[in-house]
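Right, one structure below, let's go through it.
Here you go:
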């Protein structure tokens, strides 16, 4: 670990990014003075980044609160250094989620007012959406670049005509949102998103989904969009994968093959997509065994989500799987799954680690050897 790398790590600690970074628990963390940080050099030069918190005296605990406002003693290389921490009791691990929810509903209100003022039709492909869609997409691209230094690698693999982008669904699919926004801002191209029907009943989401060109995903509607030359974005894992996959990045598709049947019927290619570190953005808390059973029986999910960590994100678009009239839907679905798993195995370190994912913002390699 070089001096430049140590400098970045120390800077991050001073800016309190460490509040939300480590593992799957909630923890108490210190904001360190320069005096204490100067003693970290020997440790940073010898130890891997994921062991850093142990040397900072950070204590993991389960209350979900950060407790500051008192002096603390930090042990570095056998010597005690005094440092200070501040702030109050705050449910810090959920602040990111709360901000995202607030931002989403601000956009909902803006969309509602815009529709009323401009008499925008229900058609999500109408040019009447362009001005607002471009403004919001441009804002989200800047936000995504600031929060995640987001990159898309393999954009040349997208066909000029229709196609189906099949992607791994993280707990929060900010990667797909960035793809949608960058496609629209850079090419004024809309990627229609197939979304679970139940989400349309969440108050306000109808307006958000109209802005984001989301549809509930009937087969006829999907075919119609493909015939109009649109790209289609589908995650076969859906909510199951979002809530019950983990840092091992397992694909949870079950026996879903509808996207493959759709590709064969519309005679369009499939483009596999995977994003490095997407599971490190947000994490699901609690015991998932019972909740998974409940979901499979009722399709009801109640998993608390925490985080929104500013980790590095790289979206990889693999080579298209061309239309083949001689392949079955089952085999095409399996071929697509293998293609995404290959992208995962090539670019993602498993198991995922939030601190490592954050540190990757400061190196230029797609995956360490």
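Numbering (our numbering), first residue to last: 1 to 369.
Using N, Cα and C, we set each Cβ at its ideal position, and we do this for glycine too.
Note that the structure is a prediction, hence the values are computed from the model and not measured.
| query | result |
| --- | --- |
| May I ask which residues mark the beginning and end of the alpha helix (DSSP H) holding residue 113? | 95 to 118 |
| Starting from residue 191, follow the beta strand (DSSP E) in both directions and report where the run begins and ends. | 191 to 194 |
| Excluding the five sequence neighbours on either side, which residues of its own chain have a C-beta within less than 6 Å of the C-beta of residue 181, listed in chain order? | 137, 140, 141 |
| Could you compute how far the alpha carbon of residue 243 sits from the alpha carbon of residue 100? | 17 Å |
| Within 8 Å, do at least three Cβ pairs link the stretch 255 to 274 to the stretch 320 to 338? | yes |
| Looking at C-alpha atoms only, which residue of 120, 352, 307, 360 is the closest neighbour of residue 210? | 120 |
| For residue 355, list the residues DSSP reports as bridge partners. | None, per the DSSP bridge assignment. |
| Do you know whose CA, among 214, 278, 289, lies nearest residue 357's CA? | 278 |
| Of all the options 148, 111, 225, 146, which has the alpha carbon lying nearest to the alpha carbon of residue 135? | 111 |
| Would the stretch 241 to 255 count as touching the stretch 213 to 226 if we require 3 or more Cβ pairs under 8 Å? | no |
| Let me know the alpha helix (DSSP H) ranges lying completely inside the stretch 264 to 315, each 4 residues or longer, listed in chain order. | 289 to 298 |
| Which one of 310, 247, 270 has the shortest CA to CA distance from residue 96? | 310 |
| I want to see whether chain D comes within less than 8 Å of residue 215, judged by CB atoms only; does it? | No chain D appears in this structure, which consists of one protein chain only. |
| Do residue 207 and residue 133 have their CB atoms nearer than 8 Å? | no |
| Note down, in chain order, each residue of its chain lying with its Cβ closer than 6 Å to the Cβ of residue 260, except the 5 sequence neighbours on either side. | 329, 332, 333 |
| Could you say which of 336, 233, 192 lies nearest to residue 123 if we only look at CA atoms? | 192 |
| Who pairs with residue 258 in a beta bridge, going by DSSP? | None, per the DSSP bridge assignment. |
| Are three or more beta carbon pairs between the stretch 215 to 235 and the stretch 142 to 157 nearer than 8 Å? | no |
| If the criterion is Cβ atoms closer than 8 Å, does the pair residue 163 and residue 268 meet it? | yes |
| Do you know whose CA, among 170, 251, 227, 273, lies nearest residue 233's CA? | 273 |
| With which residues is residue 131 paired in a DSSP beta bridge? | None, per the DSSP bridge assignment. |
| Alpha carbon to alpha carbon, what distance is there between residue 227 and residue 220? | 11 Å |
| List in chain order: all unbroken alpha helix (DSSP H) runs of 4+ residues lying wholly within the stretch 206 to 258. | 219 to 227, 238 to 244 |
| Excluding the 5 residues preceding and the 5 following residue 349 in the sequence, name in chain order all residues of the same chain whose CB lies nearer than 6 Å to its CB. | none |
| Would you kindly work out how many angstroms separate the C-alpha atoms of residue 336 and residue 117, rounded to a whole number? | 44 Å |
| At the level of alpha carbons, what is the spacing between residue 172 and residue 251? | 15 Å |
| Is the beta carbon of residue 178 closer than 8 Å to that of residue 144? | yes |
| Please state whether DSSP places residue 202 in a helix, a strand or coil. | coil |
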